[in-house]
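A.B. asks: Input: one structure, supplied below.
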Amino acid sequence: MNRKIAIVTGGNSGLGFATAKNFCEQGIITYIIGRSKEKTAQAICELGENARALICDLNDLKAIPKLVEAIKEEAGRIDILVNNAGINMKKDFLEVTDEEFGNILHTNVSSVFSISREVVKVMKEQGGGSIVNISSMAAQYGIPKVIAYTASKTAIEGMTRSMAVDLAQYGIRVNCIAPGFIETPMSAKALNDDPERKSRVMARTPMKKLGCPEDVANAVNYLVQEGSKYTTGVILPIDGGNSIGF
Ligand code: NDP
Numbered sequence: 048m049n050r051k052i053a054i055v056t057g058g059n060s061g062l063g064f065a066t067a068k069n070f071c072e073q074g075i076i077t078y079i080i081g082r083s084k085e086k087t088a089q090a091i092c093e094l095g096e097n098a099r100a101l102i103c104d105l106n107d108l109k110a111i112p113k114l115v116e117a118i119k120e121e122a123g124r125i126d127i128l129v130n131n132a133g134i135n136m137k138k139d140f141l142e143v144t145d146e147e148f149g150n151i152l153h154t155n156v157s158s159v160f161s162i163s164r165e166v167v168k169v170m171k172e173q174g175g176g177s178i179v180n181i182s183s184m185a186a187q188y189g190i191p192k193v194i195a196y197t198a199s200k201t202a203i204e205g206m207t208r209s210m211a212v213d214l215a216q217y218g219i220r221v222n223c224i225a226p227g228f229i230e231t232p233m234s235a236k237a238l239n240d241d242p243e244r245k246s247r248v249m250a251r252t253p254m255k256k257l258g259c260p261e262d263v264a265n266a267v268n269y270l271v272q273e274g275s276k277y278t279t280g281v282i283l284p285i286d287g288g289n290s291i292g293f
């Protein structure tokens, strides 16, 4: 049996962990990439025998080709890439330094481009594959004090469309999930910094509840499977209706 091979960046936490768990439970060999050795080791224990760990700071763009090559060497192919790793920073517009703005764009956008390019080389050679990028509802409308994050997630949505158009000829589909407020360590920090945020989000969410990581993992799974084989370039909100503008 040819088992599928997946890469999930940021697979040791939150949405990435739930996505990796969903894949591993289906027998997909899943490489999770994170910076923290401790968190990644813990995640691997919980994910079981189909999970593989790679420690890498994706900000180090020079390390990415070797990382992808190592996966190809070991696994022989790469069927799925989920560009999930991301960082956020909440700060007044006038306080954000050029360096901070650049750091967020580097992690959330440049590393996504670099790893995608390297994985696409492998997918092109093998005749196809599927990529899912993780954006945010921050790309849909203004959220206070997250200028760099918003810029980065808007870029991800544009990149998704551009990649979908450029890569369809190689049998590679590229789609994007735009999560609303999902309970993870990242959103817990956002709520901690701004305790009234939850009630503001609820006020414009028709379903009146936060999402859970599995909601996003299920949607990612749909977008990488045969059932969505005629779908590319979509931005799929998973947000309890938040983006409708209720
Ligand atoms: P978490 O903070 O729980 O997880 C972030 C993951 O990214 C961690 O595994 C982290 O690993 C990894 N990561 C961050 N920077 C790097 C880096 N430089 N190199 C390698 N890995 C890195 O976040 P969530 O699960 O909440 O978010 C996942 C994605 O979903 C993000 O892109 C986020 O923007 C997006 N999102 C989340 C929403 C939510 O409500 N939770 C809403 C909308 C979008 P490590 O710590 O080991 O570096």
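Sequential numbering of the sequence shown, starting at 48, is according to the numbering used here.
Using N, Cα and C, we set each Cβ at its ideal position, and we do this for glycine too.
Below 8 Å, is the gap between the Cβ of Ser-62 and the nearest heavy atom of ligand 1?
C.D. replies: With the sequence shown as reference, residue 62 is identified as Leu, and Ser is not the correct amino acid for it. It does: the Cβ of Leu-62 is within 8 Å (strictly closer) of some heavy atom of ligand 1.
A.B. asks: Less than 9 Å between the beta carbons of Ile-194 and Ile-219, yes or no?
C.D. replies: no
A.B. asks: Establish whether the CB of Val-248 and some CB of chain B are separated by less than 9 Å.
C.D. replies: In the displayed structure, chain B is absent; only one protein chain is listed.
A.B. asks: Determine the extent of the beta strand (DSSP E) in which Arg-99 is found, giving its start and end residues.
C.D. replies: 98-102
A.B. asks: With three or more beta-carbon pairs closer than 8 Å as the criterion, would you say the stretch 127-134 touches the stretch 58-68?
C.D. replies: yes
A.B. asks: Going by the C-beta, is Pro-260 closer than 8 Å to any heavy atom of ligand 1?
C.D. replies: Yes, Cβ of Pro-260 sits closer than 8 Å to a heavy atom of ligand 1.
A.B. asks: Rounding to the nearest angstrom, what Cα-Cα distance links Tyr-78 and Met-210 in this structure?
C.D. replies: 22 Å
A.B. asks: Taking C-alpha atoms, which residue in Gly-176, Gly-95, Thr-87 lies nearest to Leu-101?
C.D. replies: Thr-87
A.B. asks: Going by C-alpha distance, which of Pro-191, Leu-152, Leu-283, Ala-198 is nearest Asp-268?
C.D. replies: Reading off the sequence shown, one finds Asn at residue 268, where the question assumed Asp. When each option's Cα is compared against that of Asn-268, the closest is Leu-283.
A.B. asks: Under 8 Å by Cβ, that's how I've got Pro-226 and Gly-258 pegged, so tell me the actual separation to the nearest angstrom.
C.D. replies: 7 Å
A.B. asks: Tell me which residues share the same chain as Asn-106 and place their Cβ nearer than 7 Å to its Cβ, disregarding the 5 neighbours each side in the sequence.
C.D. replies: His-153, Thr-154, Ser-158
A.B. asks: Between which two residues does the beta strand (DSSP E) containing Gly-123 stretch?
C.D. replies: Careful: Gly-123 lies outside any beta strand (DSSP E) and carries neither H nor E.
A.B. asks: Taking just the CA atoms, how far does Leu-94 sit from Thr-252?
C.D. replies: 32 Å
A.B. asks: Please report the straight-line C-alpha distance between Arg-82 and Cys-103, rounded to a whole angstrom.
C.D. replies: Put simply, the backbone Cα of Arg-82 is about 5 Å away from that of Cys-103.
A.B. asks: Is it the case that the Cβ atoms of Cys-223 and Ile-181 are separated by a distance below 9 Å?
C.D. replies: Yes. Within cutoff.
A.B. asks: Just the C-alpha distance for Ser-234 and Gly-280, rounded to the nearest angstrom, thanks.
C.D. replies: Gly-280 has its alpha-carbon roughly 26 Å from the corresponding atom of Ser-234.
A.B. asks: Locate the alpha helix (DSSP H) running through Pro-232, then write down its first and last residues.
C.D. replies: 232-240
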